[in-house]
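Only one structure is covered here, and it is reproduced in the block below.
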Amino acid sequence: MLLRPGKYFIWEWRGAVIILAFSLIFCMVFGARAFAGLPEPGIVLYGKVFDETGALVTTGELEWTFSPVSGGNPVSVSTMLSQIDAEGGPYSYRVTIPLESELPGVTSSGNAIPISEAAYEYTRTGLLKGTSISRTDTVVISTDSRGTFELVTIGSPAITDNDGDEMDDNWEQLIVNADPNDGINSIEDVLGDDDFDNDGESNATEYQHGTDPSDAMSTFDPRNAYTSFHFEIYRGAEQTEDGSFVDSFWGAKLVCWPREGEIFESGNLFKPQGTEGEAVVELTASGSGDLAMCVETDYENVTELMDDYISGKYRVDLIANDGGDSFHLRFKIKVPNYGEENFPQYVKVESLAPGEIDVPVAPLLVFDSGMWDYLQITETATGKQAYFHFRDGDDVPADSHQIPEEAALDHGTAYTLGVDINRWGTRWLGSQTILDFVTVGTPCDCDLDHDGDVDGQDLALFLDAFGYAIGDTEYNPEADFDNNDIVDSDDLSIFAGDYGKSGCEPRP
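Shown next, in the form of structure tokens:
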């Protein structure tokens, strides 16, 4: 900065001193608080609190205290109880335990649990203030704990336990009712050490933590939850040249992928009672068992689709194998009430234009919205997938996608582009935009008879010219692909690369 003489210099100097002084004061007063640690997504605890009679408690103040087992200052967080209505509830509380990353040479703020890649043990105590209702256990906390959810119950509900296995009979009945063909016909058949849904947590563990024993998505440890599936109830429309949409197809699909070390042998999707379609749909496993899926598309309109895929709980029963005996993997999908208005809006394709020809083989796709989940390009004639891209949230910019050169499409081929937007995990609804286009044609250098194909007839013409140079009567300049005045082995290599091409534009 150039310094000006006179009073202007004095004011700039004074201003600099004032700013410096303010900065020092700010750091002294607020520095420790602002830079005590890097805030991280906390641990969300939620659950039910029961009193000595087994009744649900929804009033009072609940305090959670985390004390380092190796010594150090505890961290306490309080929340007021209230009735929280949600699936599996009502619940008594929901609270976030703050976490912060440790910074070298910086003292922890004291009001958040410091975390690092190393795992540390904490004694965790939940106490309903003013009562003797409490729970104490030991937990391990590290950077893996960021943003996790945990169901923690305090106290025990009043139960009916006629078979004396310390599991409530009504809870056990969930397993009895889950599958009428599994041989579990009474609560006496429900064993605590078994794992009915095969999510890695025993029936007794699920009972202790209040999770659903018939749903592999409902687990105490979120790492055990089965989430490797894609379920979608969808509609599709053709985008017209004026940018409008014409609804043209409707369907539903479920695709499941096995966990590591497992394969799928078969499976079934059970629809809620009241469906007007097939109540049970078979899931077909691939030859290698690396997926199991079902697709239903025989619908004339959205009403037929909604009459079949109604709201309610869908039960999935997969037969899996980990190299030993086959076993069941069971989970549920809840579809809330929905109407035609709940399907997401179609994504408009700004470029390519519907019906466009001479499209580059590695085109840039541009959309009117970044709200899309995946796109695929298939050969119009065969339905064979030529390109697929799933958007994981890292695409920048979100409203366009460049097909990479290494995934370039074939020349002179008709394709169908589909762009899909979903509402996974909330309504499971999707909308697909489709349009047709044709890639730019290309002359095949080796189409010597100019019929649009490089085939045996061209090979015969090439062999007639092979070995001859310019000036020879038999020299054919069209067969001299590298233009070096002789038809030689280099030209043969070029011919081999073109052989078998079809749909070529006539040579100029």
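Numbering (the numbering used here), first residue to last: 488 to 995. Note that beta-carbon positions come from the ideal geometry of N, C-alpha and C, so glycine has one too. These numbers were taken from a predicted model, which means no experiment stands behind them.
Under the three-state reduction of DSSP, which class applies to residue i: helix, strand or coil?
| i | result |
| --- | --- |
| G899 | coil |
| V846 | strand |
| M858 | coil |
| I890 | coil |
| D722 | As written in the sequence, residue 722 is Arg, which differs from the Asp given in the question. Correct three-state label for R722: strand. |
| E659 | helix |
| I981 | helix |
| L590 | coil |
| M654 | coil |
| K988 | coil |
| D923 | strand |
| P831 | coil |
| G943 | helix |
| V531 | strand |
| F949 | helix |
| S632 | helix |
| A691 | helix |
| V789 | helix |
| R878 | coil |
| I646 | coil |
Name the one or two DSSP bridge partners that residue i has.
| i | result |
| --- | --- |
| H815 | I806 |
| N755 | E769 and D804 |
| Q872 | T865 |
| D967 | Partner(s): none; D967 has no beta bridge. |
| A739 | I720 and E783 |
| N909 | G917 |
| T746 | Reading off the sequence, residue 746 comes out as Arg, not Thr. Per DSSP, none; premise fails for R746. |
| E608 | V627 |
| M567 | E548 |
| Y580 | G534 |
| I600 | L586 |
| A542 | For A542, which the question treats as bridged, DSSP gives no partner whatsoever. |
| A885 | Per DSSP, none; premise fails for A885. |
| P526 | E587 |
For residue i, collect the residues of the same chain with a Cβ closer than 7 Å to its Cβ; drop the 5 residues on either side in sequence, then sort them by chain order.
| i | result |
| --- | --- |
| A521 | For A521, the pLDDT reaches just 39, beneath the cut-off of 50, and the residue's location in the model is therefore unreliable, leaving the point undetermined. |
| Y955 | E961, Y962 and V974 |
Identify which residue in the options has its Cα closest to the Cα of residue i.
| i | options | result |
| --- | --- | --- |
| S554 | M567, T623 and T647 | T623 |
| R722 | I620, V544, F732 and Y713 | F732 |
| T647 | E659, T869 and V639 | E659 |
| V906 | F757, P831, A966 and D942 | P831 |
| L770 | G761, L756, D777 and G984 | L756 |
| V626 | E637, M567, S619 and L816 | E637 |
| L586 | Y578, S603, G575 and I571 | S603 |
| V742 | T762, L778, I720 and E725 | L778 |
| S798 | I720, G547 and T727 | I720 |
| P709 | D845, D680, C933 and T698 | T698 |
| V768 | T790, R802 and A703 | R802 |
| D686 | Y609, D676 and F707 | F707 |
| S579 | G670, G547 and F718 | G547 |
| E608 | M780, G558, D978 and Q872 | G558 |
| T865 | D897, E827 and H717 | D897 |
| A868 | N824, L852 and Y902 | Y902 |
| G634 | S565, E527, S643 and H717 | E527 |
| V782 | H717, L946 and E965 | H717 |
| A665 | K800, L568, P891 and A895 | K800 |
Between which residues of its own chain and residue i is the CB-CB distance below 6 Å, once the five residues before and five after are set aside?
| i | result |
| --- | --- |
| D855 | K835 and E837 |
| T583 | G529 and V531 |
| V562 | F553 and I600 |
| I750 | G776 and N808 |
| F875 | Q863 |
| V941 | C931, C933, D934, D985, Y986 and K988 |
| A983 | none |
| G857 | A885 and D886 |
| Q570 | T545 and P577 |
| T640 | G534, K535 and G697 |
| S980 | none |
Within a Cβ cutoff of 8 Å, which residues of the same chain sit near residue i, ignoring the five residues on either side of it in sequence?
| i | result |
| --- | --- |
| I540 | Note on residue identity: the sequence assigns Thr, not Ile, to residue 540. Cβ neighbours of T540 beyond the five flanking positions: A645. |
| E752 | A772, G776, I806, A807, N808 and S813 |
| G679 | D652, E653, M654, S689, N690, A691 and Y694 |
| G842 | E728, L922, D923 and F924 |
| N672 | V663 |
| G524 | E587, S588, E589, L590, V593, S595, S596, A599 and P601 |
| D682 | E688, S689 and N690 |
Check the C-beta distance from residue i over to residue j and give it rounded, since I have them as a contact under 8 Å.
| i | j | result |
| --- | --- | --- |
| L935 | F949 | 6 Å |
| V822 | W915 | 6 Å |
| Y986 | F818 | Actually they do not touch by this definition, with Cβ atoms about 51 Å apart. |
| A724 | Y796 | In fact, because the Cβ distance is near 18 Å, the residues do not count as touching under 8 Å. |
| G617 | N560 | About 24 Å separates the two Cβ atoms, so there is no contact after all. |
| Y833 | T920 | 5 Å |
| P847 | V927 | 6 Å |
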